Every structure is written in C-alpha cells, then in structure tokens.
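Structure first, commentary second.
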Amino acid sequence: MSVSVTPLELEMFYSLPAHTRRCVFWEMVQGDGETLDPSASVSRETLESEFDKEAWISGLLLEWGTCGQVAVESTTGNVVGTALYAPPNRVPRARRFPTGPVGSDAVLLTTVRVEPGFDDALHTLVDAVVSDVVRRGVRAIEAFGFSGDREPLEQDLVGLMLGSGMASDTCQLCLMPTSFLLDAGFEVVAPDLYLPRLRLELDEGLGWKSAVERALEKLVLEADISVSAPSPLPSPVC
Numbered sequence: 001m002s003v004s005v006t007p008l009e010l011e012m013f014y015s016l017p018a019h020t021r022r023c024v025f026w027e028m029v030q031g032d033g034e035t036l037d038p039s040a041s042v043s044r045e046t047l048e049s050e051f052d053k054e055a056w057i058s059g060l061l062l063e064w065g066t067c068g069q070v071a072v073e074s075t076t077g078n079v080v081g082t083a084l085y086a087p088p089n090r091v092p093r094a095r096r097f098p099t100g101p102v103g104s105d106a107v108l109l110t111t112v113r114v115e116p117g118f119d120d121a122l123h124t125l126v127d128a129v130v131s132d133v134v135r136r137g138v139r140a141i142e143a144f145g146f147s148g149d150r151e152p153l154e155q156d157l158v159g160l161m162l163g164s165g166m167a168s169d170t171c172q173l174c175l176m177p178t179s180f181l182l183d184a185g186f187e188v189v190a191p192d193l194y195l196p197r198l199r200l201e202l203d204e205g206l207g208w209k210s211a212v213e214r215a216l217e218k219l220v221l222e223a224d225i226s227v228s229a230p231s232p233l234p235s236p237v238c
C-alpha cells in the first residue's frame, strides 16, 4: 500500500479519521475555564467536540500556519494517518503534564496516529513534521511520552494527573508511547515514570537524522534487491 504525506489544510478536515476529527483532549481542558468557547458543549466522558477541533485547526492555520501532516493512501485517497503540532501556548493540556513546561524554543508534537495496517506511515509523518518546522526556523520539537503498560491502575493514575482530577477526562489514545518517540530520534529531557518529556533538536541539521537513516536503509535495500535479481538472458543471435 502506497502512502503519501501532505500538509493539513482546512478543507481536509471532514476527511480525517473520526477520532482525530472529534477528540479535543489536547485542545481543551475541563475545569480551568480555558476552553476555546465558554459555551461549548464538551462531554467530560468522551472529550469529543468536532466543532471545537475544527476551530482549533482553523485558528492555527490562519495565525501560525501548517499545524498538521496527513497520510493519504494513494489508491483510495483515504486519510490513514495524521500528525498534529502547535506552539505550546496553543495546547492547554500541556500545562497538566508533570514534566512541563515545554521549551520556549520548541514546537509541541501532540499526536501521531495511523489507522490499523499503516504503521509504516508513523515515521513518515514525523519526518514530514520535521521538514516543515525546520523550513520555518524552529529549533526543536518536544513531545510528551507515555511509558506505562496501559494497565488499569496506570491509566487511572495518569488520568488523575492529566484530567483535572477525573480519569475519564483523559484520552489514552492521544498519548504517544515513549518508545516510539525514542525510535524517532527524540531524547528524554524531563524524566518521569509514566509521562516523560522528550526533545528532538533541529539545529545543525540534527533533526534530519532519522529521515536520512531511513532513506539510506531504503537505498541499501533497493541495491540488494537489484543485485540479487537474475540477469536477463541474452537475445538469441540469428
């Protein structure tokens, strides 16, 4: 399955996967009065508000620029993955993490998600985020990882830390595994048993490391395939 990655535009919003389109875990916080719209109706149980998610994306696109990368399956045109990122001050949930605050020189990567069967697109999405923010002069990307095993007790503890005292005010699906971020080249800068903060330095080209390594691996693989392929038989001479 061939997948291409393109910057998120507002007209793509309704083609995003349902969870990405509706979940406002990162974008809204219950209980501190700092929602996008004081009159918005957001379920504490599900944290779903398609209206506010669209408003958040729309506002960022207008005021800051690209805030997402979208993976599209080439044969069907379906969106199969997304990566969202923003300045830390536009992500209210970041203030709940015990390992905050995010560095003032960094962009916060909030979510990288793909549909089942498209795991190979995860790192491609991260590479697209790196490419975009490097072009815009950003010095680093930071992200919060989740280091637990998603056992019920760990989920309750994390939920109480991040969810205004309510475990139900936390979306476990929106937390990226720490192991994934480490594999993508991030390094832990604020350790925590469950919720470390990680950073990917982009100055001096360091942010390109993972992308370059994967490109070299692809070239080596293609070269091996070429060498192992049988040579065509010579044409008979009449």
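Residue numbers (this note's numbering): 1 to 238.
Note that beta-carbon positions come from the ideal geometry of N, C-alpha and C, so glycine has one too.
Because the structure is a prediction, the values reported are computed rather than measured.
> Which residues in the same chain have their Cβ closer than 6 Å to the Cβ of V107, if we skip the five residues on either side of it in sequence?
Replying inline: Within the sequence shown, the letter at position 107 stands for residue 107. The beta carbon of V107 is closer than 6 Å to those of Y85, V133, V138 and I141 in its chain, skipping five residues each way along the sequence.
>> Buried or exposed, going by whether 16 or more other CB atoms sit within 10 Å of the CB of P196?
In response: The sequence position of residue 196 within the sequence shown is 196, counting from 1. Under this definition P196 is a buried residue.
> With 16 other CB atoms within 10 Å as the buried threshold, where does A121 fall?
Replying inline: Walking along the sequence shown from the start, residue 121 turns up at place 121. Buried, since its Cβ has 16 or more Cβ neighbours within 10 Å.
> For E48, which of C174, A190, E187 and V189 has the nearest alpha-carbon?
Replying inline: Working through the sequence shown from its first residue, we reach residue 48 at position 48. Looking from the CA of E48, the closest CA among C174, A190, E187 and V189 belongs to C174.
> My guess is that V114 and G81 are in contact by the Cβ rule of under 8 Å, so how many angstroms apart are they, rounded?
Replying inline: In the sequence shown, residue 114 corresponds to position 114, counting from 1. In the sequence shown, residue 81 corresponds to position 81, counting from 1. Cβ-Cβ separation between V114 and G81: approximately 4 Å, consistent with a contact (criterion under 8 Å).
>> Given this structure, state the Cα-to-Cα distance separating L198 from E11, to the nearest angstrom.
In response: Within the sequence shown, residue 198 is the residue found at index 198, counting from 1. Within the sequence shown, residue 11 is the residue found at index 11, counting from 1. Rounded to the nearest whole angstrom, the CA to CA distance from L198 to E11 is 32 Å.
> According to the Cβ coordinates, are S15 and E73 closer than 9 Å?
Replying inline: The residue labelled residue 15 in the question sits at position 15 within the sequence shown. The residue labelled residue 73 in the question sits at position 73 within the sequence shown. For the 9 Å CB-CB criterion, S15 and E73 do not form a contact.
> Among P177, D52, T110 and A83, which has the Cα closest to the Cα of N89?
Replying inline: The residue labelled residue 89 in the question sits at position 89 within the sequence shown. Of P177, D52, T110 and A83, the smallest CA-CA separation from N89 is found for T110.
> Looking only at C-alpha atoms, which of M28, A190, T178 and G185 sits nearest to G100?
Replying inline: Sequence index remark: in the sequence shown, residue 100 carries index 100 (1-based). For the residues M28, A190, T178 and G185, the minimum Cα distance to G100 belongs to A190.
> Any idea which residues DSSP pairs E201 with across the strands?
Replying inline: Residue 201 sits at position 201 when you count from the first residue of the sequence shown. BP columns for E201 point to A140.
> Assuming R93 contacts V158 under a Cβ cut-off of 8 Å, what Cβ separation, rounded to an integer in Å, is found between them?
Replying inline: Against the sequence shown, residue 93 aligns to sequence position 93. Against the sequence shown, residue 158 aligns to sequence position 158. Their Cβ separation, rounded to whole angstroms, is 12 Å, which puts R93 and V158 out of contact at 8 Å.
> If you run the structure through DSSP and keep just helix, strand and coil, what is Y194?
Replying inline: Reading the sequence shown from its first residue, position 194 is the one you call residue 194. Coil at Y194, not helix or strand.
> Could you give the residue range of the alpha helix (DSSP H) that holds T178?
Replying inline: On the sequence shown, position 178 is the one that residue 178 refers to. Its alpha helix (DSSP H) spans residues T178 to D183.
>> For a test of the three-state rule: what should DSSP assign to H19, helix, strand or coil?
In response: Taking the sequence shown and counting its residues from 1, the one referred to as residue 19 is at position 19. In the structure shown, H19 sits in a helix (DSSP, three-state: H, G or I).
> What is the rounded straight-line gap between the Cα of S131 and the Cα of V91?
Replying inline: Here the question's residue 131 lines up with position 131 in the sequence shown. Here the question's residue 91 lines up with position 91 in the sequence shown. Each residue's alpha carbon lies about 21 Å from the other.
>> Which same chain residues end up closer than 8 Å to P87 when comparing Cβ atoms and leaving out the 5 residues on each side of it in sequence?
In response: Taking the sequence shown and counting its residues from 1, one reaches residue 87 at position 87. In its chain, beyond the 5 residues on either side, W64, V107 and L108 have a beta carbon closer than 8 Å to the beta carbon of P87.
> Ordered along the chain, which non-local residues of its own chain (more than five positions away) have a Cβ less than 8 Å from that of C67?
Replying inline: Position 67 of the sequence shown, counted from the start, is the residue given in the question as residue 67. Closer than 8 Å at the Cβ level, and outside the excluded window around C67, lie L8, I57, L60, L61, L84, Y85 and A86.
> CB A55 to CB L125, shorter than 9 Å?
Replying inline: Counted from its first residue, the sequence shown places residue 55 at position 55. Counted from its first residue, the sequence shown places residue 125 at position 125. No, they are not a contact pair.
> What is the DSSP secondary structure of E27, reduced to helix, strand or coil?
Replying inline: Reading the sequence shown from its first residue, position 27 is the one you call residue 27. If DSSP states are grouped into helix, strand and coil, E27 belongs with coil.
> Tell me the DSSP bridge mates of L108?
Replying inline: Here residue 108 refers to the residue found at position 108 of the sequence shown. Per DSSP, A86 and E142.
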